Structure formats: structure tokens, C-alpha cells
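As C-alpha cells, the structure follows; a few thoughts come after it.
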Amino acid sequence: MTVSLSATPAAPYDAIVLLSYGGPYRQQDVLPFLRDVVEGKGVPDERLEVVGAHYRLFGGRSPINDENLALARDLRRALHERGSDVPVLLANRHWHPHTVDTLRDVIAYGGRRVLVVITAAYLSYSGSRQYREHLAAVLDALAAETGVRLQVDVLRAFYNDPGFIDANEQAILDAVAELPQGRPVHVAFVTHSIPETMNDASGATGPTYLEQHRLIAAELDRRLRARFGERLSGTTLSFCSRSGSPRQPWLEPDVNERLDELASSGQRAVVLAPIGFIADHMEVAFDLDTEASAHARELGLAVARATTAGHRPEFIDALAGLVLERAAVERDPAAPRRPVVGDQPMAPDVAPAGSCRQRDGVVTGIPVTAGDRD
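Here it is, written out as C-alpha cells:
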């Protein structure tokens, strides 16, 4: 990072940081990781172990770690092919490598400006503001520790980027090919559920989280109908990974309830398409590959799970294009932009005031970065 990048396509950035949620690497990490997630909320260990049981089924290792290593490698390669040798680093909110450690390394090697890629395609509190709150706290701590104030930008949300949608389409086509030929297929789009209050708040400055997903689901439905005709019996949007108080309304229906509906209507083949994820989180590995797939088979449904977008070259190429687009715009605001799909606007580079709060209109006073500190 001591080498000037001023002549490269990634200038003015000294590093690209993939910022993810994080996950344990081994059995003994599971409980400490979950304690990190709920720090300050007073959740007892016995409740954490209920969630921890999901990780323990996989040897205590979350799939997200290897997924993000692969994503960083592939993005680094794609950028190199476009003439950029900017480092691509990993950081996590809740486990190693922690964000503070990764950004400390950036400072130590002379980096001063960073582009953060949040590993979430859609805008909501959980996929945007919560990460920007986290970054603001880390930057303040590092400035106090090192005397250096990093400049951090955040890549715009990319749910309606053509490459992200192309990747999901190809993943679904591959999954359909795994099912019995000639049998009508239903494609169940799946994403992470969030509280209805959080969904409402996500629409304060743009489309809501639910509207964002509905746009992608409609576009994929159009493409799949053109491809399969009558073999496509339909598509639906479902949710997974609901948590918290049962008294708080979350987006529904759950994917398993959707499978019940499909089986009762006579459907016999289904693709589970995790369009809400770019990589295999535990929500994909357990909620879909383990729980929903087993439930589908119990109902007599032939089931195939589409890969997440991060496995696909269409998405990697798009992500590299988005990174270099943002770098070009920082050098020249009139630089060309990648197109978006559908009638929803391109997400802004800098989050507007009031965007993606946890509850609409509730100002917590928690500082954020890459946007107004509201």
C-alpha cells in the first residue's frame, strides 16, 4: 500500500475492504462469537446456545468465512485483469478479522483512503446503517489510537445492478437443470426477514427493503417465463431467519410455510433461490440447505437450491465494475455510470440523512460514516 495508486483505475483508493457480519471458525468460537453479536443486550448463554446449535451442526465453522475469502480472491483477480493491483482485504463486524484490525493494518502500511464493500445487496438498517454506525465507531477509535483519520467511502447498494440479477438468473437455471425433466417447477425466491418497522424505515429515502426484493423477483420471473414457458408453474417471495420477540411483526411468509402451500396446491418440484444473499451465510446453510430442503422432501417436493450470487462470474465482474465506477466518479463526478434494472433509482453513493434507520423517524444520535451523521 506504500506504492502510489494514482495512475491505476482504483485511484484514489488505497484499499478495498469487504465488510461482512463474520462467523465462527471452530466449535470453541461459537459462544464467544454469539456473545460478540449480542454484546450489551443481556442475552444469557443458554439462549445463545439455541442459535449456536446451528453452527455446531457444521463443526462450529460458518460457511461465510470461506465464502468471503473466495470473494476477496475473485474480486482481486477481476480488478487485476482491469489494470488495478489495489489490495482487497476482509473485515468483520463480529469476528476475526475484526474491522478495527483490518483498518489498523491499512493505516500501518500507509493507506489513507478506503472503499468499503458491504456484503449486502439491499438497503435496510441491517444491510446499511448498522454497518455505517459500526464503521464510525471503529474510525473514531483508530483516530484516537493512531492519530490518523481514515477516509472511508461505502460502495452503493447493488441489488438492481444487471450483473447481480444475471448471476441469480444463471444460478436458478443451473438449479432447474438438477430437477426431473418435464416436471413443472416453482421458483421460491428467499431472503432474510426483517421486522416490519425496519422495512418501513428503509423506505424513508427510497424503495423499501421489500420493494427492492419485489423488483428483482419480478425481473427474474419475467426472464424465467420467457425461458421456460409453461414449465415454470410460478414464482414467489419468501423469508427466512426470523428472530426476536414473537410479538413483533416480521416480513412473511416463512419459506417453510411457503413450501406447505406449494405442496398442498399440487406442486412437486421447487427451486430455493436465495436472492437476498450474496454468499452462503448460516441462514443459507441451515435455514435452506438443512431445514427447508428437508421439509420440502418430507412434503414430497423435488428440491434444488440455487447458488448465491457470489459464486457466479457475472456477479464478480459486476462488483469489479462497481468498484472501478466509484473510483472513477471520485476522480471525476461526470464519469459514466453502470445501468440499473427496472424503474427504481440507482442507490446513492452517499447515504442521505434519515436513510435506513431502525425505526422510521427515530433519531438515535449514533454517528454514522459515509453519509450525514444524523
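Here the sequence shown is numbered in our numbering, starting from 1045 and rising by one per residue.
Glycine included, C-beta positions come from ideal geometry on N, C-alpha and C.
Quick caveat, the model's predicted, so the values are computed rather than measured.
| Check | Outcome |
| --- | --- |
| Inter-stretch contact at 8 Å, needing at least 3 Cβ pairs: the stretch 1089 to 1107 / the stretch 1163 to 1177 | no |
| C-alpha gap between Leu1062 and Thr1252, whole angstroms | 24 Å |
| Thr1046 burial status per 10 Å Cβ neighbour count (16 or more: buried) | Residue confidence is low: Thr1046 scores 43 on pLDDT, short of 50, so the model does not pin down where it sits. No coordinate-derived value is stated. |
| Range of the contiguous alpha helix (DSSP H) that encloses Phe1272 | 1253 to 1272 |
| Residues of its chain near Arg1349, where Cβ-Cβ distance is below 7 Å and the 5 sequence neighbours each way are ignored | Ala1219, Leu1316, Leu1332, Asp1333, Ser1337 |
| Sheet register partners of Gln1195 (DSSP bridge) | Arg1157 |
| Close Cβ partners of Asp1404 (< 6 Å) along its chain, the five nearest in sequence each way excluded | Asp1244, Ala1245, Ala1248 |
| Best match in Leu1119, Gln1402, Ile1216, Ala1164 for proximity to Asn1136 [C-alpha to C-alpha] | Ala1164 |
| Cβ shell of Ser1308 (< 8 Å), same chain only, five flanking positions each side left out | none |
| Exposure label - Gly1344; buried when at least 16 CB within 10 Å | exposed |
| With 16 other Cβ atoms within 10 Å as the buried cut-off, status of Gln1174 | buried |
| Three-pair Cβ contact test at 8 Å for the stretch 1177 to 1187 versus the stretch 1267 to 1283 | no |
| Coarse secondary structure for His1098, derived from DSSP in three states | helix |
| Neighbourhood of Ala1054 by C-beta distance below 6 Å, restricted to the same chain and skipping five residues each side | Ser1128, Val1130, Ala1371 |
| Buried versus exposed, by CB contacts within 10 Å (16 or more), Asp1376 | exposed |
| Own chain partners of Arg1382 with C-beta closer than 7 Å, once the 5 adjacent residues on each side are dropped | Asp1205, Gly1365, Leu1366, Glu1369 |
| Buried or exposed (CB count within 10 angstroms, at least 16 for buried), Arg1121 | exposed |
| Gly1207, DSSP secondary structure in three states | helix |
| Assigned secondary structure, Leu1049 (DSSP; H/G/I helix, E/B strand, else coil) | At Leu1049, the pLDDT of 42 sits below 50, so the modelled position is not reliable; the number obtained from the coordinates is stated separately. Leu1049: coil per DSSP, three-state reduction. |
| Trp1294 - partner residues in DSSP beta bridges | Pro1239 |
| Cβ-based burial, His1124 [other Cβ within 10 Å; buried from 16] | exposed |
| For Val1314, three-class secondary structure by DSSP | strand |
| Under the three-state DSSP convention, the category Ala1165 falls into | coil |
| Cβ-Cβ distance between Leu1115 and Ala1391 below 8 Å | no |
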